[in-house]
Amino acid sequence: MTGSAISIDNVTKTFGGGRSLFGGEQHAVHAVRGVSLELKDGETLAIVGESGSGKSTLARMLVGLERPTSGTMTIGGASADELARQGPQAFGRMIQYVFQDPVASLNPRKTIRQILDVPLRRLRGLDSGARKARMRELLDAVQMPVDTLERYPHEFSGGQAQRIAIARALAANARILVLDEPVSALDVSVQAQVLLLLDQLKEEFGLSYLFISHDLAVVESVSDRVAVMYLGEVVEIGDAQDLFRQPEHEYTRNLIESAPRLAGAEKT
Amino acid sequence: MSETALPSAAAPQSGRLSSWQLLMANRLAAVGLFALSAILLIAILAPILPLPDPDITDQPNRLLPPLSPGHLLGTDHLGRDILSRLIWGTQVSILVGISATAIAALIGSLIGLSAGYVGGKADNIMMRLIDMLMAFPYILLALAIVAVLGPGLLNALYAIAVVNIPFFARNIRGVTLSIRHSEFVDAARLSGKGHLAILFTEVLPNVLPVIVITMSTTVGWMILETAGLSFLGLGAQPPTSDLGSMLGQGRAQLFTAPHVSMVPGIMIFLLVMSINLLGDGIRDVLDPRLRSGALNRPMAVTTIDRAVKPEPRKANAALLEVANLETGFRSGNRVNAAVKGVSFSLNKGECLGLIGESGSGKSVTALSLLGLVASPPGVISNGAVYLDGEDVLSQPDSQIVAQRGGRVSYVFQDPLTTLHPLFSVGDQIAEAITAHQRMDGKTARAQAVELMETVGIRDAQQRASAYPHELSGGQRQRIGIAMALANDPDVIIADEPTTALDVTVQARILELLQKLRRERGLALLLITHDFGVVAQICDRVAVMKDGEIVEQGETSDVLRAPQHAYTKRLIACVPELGVGRAFLDKVRPLFSGKGAEA
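Taken in sequence, the protein lines are chains A and B.
Mapping to full-length UniProt numbering: the first sequence position 122 is 122, numbers consecutive.
Mapping to full-length UniProt numbering: the second sequence position 408 is 408, numbers consecutive.
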């Protein structure tokens, strides 16, 4: 268990910057600038940063939704370029993504059965009997009842929808999960439950998590290591406990100071 | 069309039945449906009906008036029976109209779908071609196409289909574009679907209602265009009759025998009218926005329907006192209560936090105070809101409206959606001032700049002419606060003012609110879901659950020693910096054994 699940080296992503239809130069946005990271097998690496820091762009590149402008990424031992050549299936078997807004990530016009069926059929190539059995296992894993399958996404609360989205991510048997703000759209009590579920699934299936969040307290409770992103760059990376106790970069310090605390009540 | 949207709130989510009932509730659409069904039935039955051959000429009996024996609607200039020609002609016109719509919908939707999905250069090129097609006057383009292909019904059909492709393409592209960037499309890709599969199994089902709506609203138009081409002699060729060619042939006898052209004219009118009425009805039923009543114009003040009018309070009452407030949403004959008897009070210079999870009724409570809950379906069914001892809800509507942004003002969650995108922020603040005070534009503008300085915007003079999108989220929220301050309010109600902001920005906005409260003696009602925010600035906190306040008290007391089980659980679920991995172990016992409840 010492291999690396994800290893990225000097990855950049620039949007725009090309030529427009009439040859004018377009404004370029440097979303990610030279990021190098490593996610070890079985580890939870958190990426923290505020809006516009490039953390979501980085995540989208890792799952193949965007192509990096430059730099190399290795996912589960295979080069990302190689995976991209093999098509979306190759990526999907290696790494999966859980979106921030669980309801928006489920097609409103499909039942949960239809939604879960796709990765099982396309990525695993299971026959219909095996798919049925696997769906039950997945729902069990995320602690949802079996009658979930025949219902539509809008019938579920945010927390339930996120469980379903996690089940879909697990369906492909990918060992690496990119969690993009998986709990920030949820109420606190639901958030705690989903965090517990993620923790349990990690044990059960031996997963590695790349956990993206802006909430430092949530990050601290789930991660082994933390990388702080600011304006497209990783400004600080380190062991979660050390980083929160002794932040080195000024931005990290500012971030930690700004986080609201319950203990603040004493001060006012 | 407003009749359809009204009962929509009552409609259960499921099924065709409710759509049908909605359609029938719209009287005009129902009339359209019945008229169209009758016309369709007659047209379909044309071969069975005892009609004379529409193409047999009978010169001696030419131009007979209507109600002549054997010719109910008379005869035309060649002595042909008009009734027979009308029914056969209607059949042809409807057939051509529907086929043209189907062709245009198919090709237009395909173009729209692919342009919207692929995006980038391909989209650009396709849309510019469509623009070119649109730039021609439609009749000219149709004429040109028919001129190339030669006259004839089929060619007219092609021409009309081509002319209407842009209409579909543009509509469908817009919808596709917004769906293409939704998360479920990305999710489908990660599940291993190829582009084609995504386009047809993920995107298309969501676009389909729009295609149907567009079709239902264009069929009538297409029939009219077919008639137009036939009228010019480019569509149906003699002896085939369609409504347009009948009209065209009758034109010569307009003065001697007006019925020859009037009969097909009236038929076109009835047909197109009924289709359009029905189409509008279908659109109203299928359009989710109309269905939800979102496009309904809400009333100025929430309906207030209280059994008893509350007594005014004594003079030494709190600045704001809410007593036993009940607000619900009307659904059919029932009222679903969202706020169930909430009471709290707020003194000058005090900050009360109203905290709860989604659906707890905290925002509805905040909006109820000045009757801002959208009505219909909202209704305030009990309770009172005392401002300086006087019940706001007993006042006439105009007075309640005048309080808004005056003595009591609101700050909302997302300033990007509450600020008008087309006006500069300075103008919007100035407008907030002039809505309540008489003053000339210059003074108002100067005051606006002053307010912007108060809320800590640097270079206020220049920033005043900036538009909302040019400002960062934090700055926009400062503008929102400046607008709330415009008329020196006594109470500010802030509904999740920092939820959309980053933590570092949030800290600064909270600091600002705190400073304003201290300097101006403002009373602040802060609606939030975040205990951290409450801990930072609130003196007292009220915890809401399912429309009720379950616990209320000094912030530090409630946070340190919560009394109610719900509060305890909520606070335990808030992760805190410094706790680290122990947090999960701490909350695990809370949820053991009932995992799927989330």
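Note that CB positions come from ideal geometry on N, CA and C, so glycine has one too.
Fair warning: this is a prediction, and the values are worked out from it, not measured in the lab.
query	result
Taking the straight line between their C-alpha atoms, what separation do you get for residue 661 of chain B and Gln-162 of chain A?	Given a span of 1 to 598 for chain B in the structure shown, any question on residue 661 of chain B remains unanswerable.
What is the DSSP secondary structure of Gly-220 of chain B, counted as helix, strand or coil?	helix
Can you list, in chain order, the residues of its chain whose CB lies under 8 Å from that of Glu-3 of chain B, leaving out five sequence neighbours each side?	Confidence is the limiting factor: at Glu-3 of chain B the pLDDT is only 37, short of 50, which leaves the residue's position unreliable and the question unanswerable from this model.
Go through the region 154 to 210 of chain A residue by residue and report every complete run of the beta strand (DSSP E) that reaches 3 residues or more, in order.	176 to 180
Whole angstroms is fine: what's the gap from Glu-66 of chain A's alpha carbon to Gln-191 of chain A's?	28 Å
Rounded to the nearest angstrom, what separates Ile-493 of chain B and His-27 of chain A at their Cα positions?	40 Å
So is the beta-carbon of Gly-532 of chain B under 6 Å away from any non-hydrogen atom of the ligand GDP?	Among the components of this structure there are no ligands whatsoever, and the ligand GDP is therefore not found.
DSSP on Thr-57 of chain B, reduced to helix/strand/coil?	coil
Closer than 7 Å, CB to CB, is Leu-513 of chain B near chain A or not?	no
State whether the region 504 to 521 of chain B contacts the region 344 to 360 of chain B, with contact taken as three or more CB pairs (one from each stretch) at a distance under 8 Å.	yes
Indicate whether the contact test is met: 3 or more Cβ pairs, each with one atom in the region 200 to 214 of chain A and one in the region 124 to 137 of chain A, closer than 8 Å.	no
Since Leu-66 of chain A meets chain B, which of its residues come closer than 7 Å, beta carbon to beta carbon?	At residue 66 of chain A the sequence reads Glu, which differs from the Leu that was named. In chain order: nothing, as chain B lies at least about 10 Å away.
Within the 7 Å Cβ cut-off, does Glu-202 of chain B reach chain A?	yes
Return the residue from the list B:Met-246, B:Val-533 and B:Leu-67 that minimises the CA-CA distance to Val-85 of chain B.	Correcting the residue type first, residue 85 of chain B is Arg in the shown sequence and not Val. Ranking B:Met-246, B:Val-533 and B:Leu-67 by Cα distance to Arg-85 of chain B puts B:Met-246 first.
Spell out the partners DSSP gives Leu-387 of chain B in its beta bridges.	B:Leu-320 and B:Glu-390
Please say whether Pro-489 of chain B and Arg-476 of chain B have beta carbons closer to each other than 7 Å?	no
Quick one: what does DSSP say Ser-53 of chain A is sitting in, helix, strand or coil?	coil
With a threshold of 16 other CB atoms inside 10 Å of the CB of residue 270 of chain A, please say whether the residue is buried or exposed.	No answer is possible for residue 270 of chain A: it lies beyond the span of chain A, which begins at 1 and ends at 268.
Check whether the Cβ atoms of Ala-486 of chain B and Ile-433 of chain B lie closer than 7 Å to each other.	yes
For Gly-42 of chain A versus Ala-172 of chain A, is the C-beta distance shorter than 7 Å?	no
Going along the region 187 to 201 of chain A in order, which residues come within less than 8 Å of chain B, judged by CB to CB distance?	Asp-187, Val-188, Ser-189, Val-190, Gln-191, Ala-192, Gln-193, Val-194, Leu-195, Leu-196, Leu-197 and Asp-199
Are the C-beta of Pro-415 of chain B and some C-beta of chain A separated by less than 7 Å?	no
Between the alpha carbons of Ser-241 of chain B and Trp-88 of chain B, how many angstroms are there, rounded?	7 Å
Inspect the beta-carbon positions of Tyr-209 of chain A and Thr-74 of chain A and report whether they are closer than 7 Å.	no
Which of the three DSSP states is assigned to Asn-254 of chain A in this structure?	helix
Excluding five sequence neighbours on each side, which residues of the same chain lie with their C-beta closer than 6 Å to the C-beta of Leu-6 of chain B?	Confidence at Leu-6 of chain B is low in this model, with a pLDDT of 38, below 50, so the placement of that residue is unreliable and no value is reported for it.
The region 188 to 222 of chain B: which residues have C-beta closer than 8 Å to a C-beta of chain A, in chain order?	Ala-188, Arg-189, Leu-190, Ser-191, Gly-192, Lys-193, Gly-194, Glu-202, Pro-205 and Asn-206
Secondary structure at Glu-266 of chain A, three-state DSSP: helix, strand or coil?	Annotation note: pLDDT 43 at Glu-266 of chain A (below 50); position unreliable, no value reported.
Near Leu-254 of chain B, which residues of its chain fall below 7 Å by C-beta distance, leaving aside the five closest residues on each side in sequence?	Ser-261
Please classify Ser-105 of chain A: does DSSP put it in a helix, a strand, or coil?	coil
Would you kindly report the start and end of the unbroken beta strand (DSSP E) that includes Met-229 of chain A?	225 to 230
Can you check which of these residues, B:Pro-166, B:Leu-106, B:Leu-387 and B:Ser-592, is closest to Pro-312 of chain B by C-alpha distance?	B:Leu-387
Let me see if you follow: with CB-CB separation under 7 Å, is Phe-583 of chain B close to chain A or not?	yes
7 Å is my cut-off, CB to CB: does Phe-423 of chain B come that close to chain A?	no
Suppose only complete runs of 4+ residues qualify. What are the alpha helix (DSSP H) ranges in the region 101 to 187 of chain B, listed by chain order?	120 to 135, 138 to 149 and 153 to 180
By Cβ distance below 6 Å, which residues in the same chain neighbour Ile-107 of chain B in space, the five residues on each side in sequence not counted?	Ile-165
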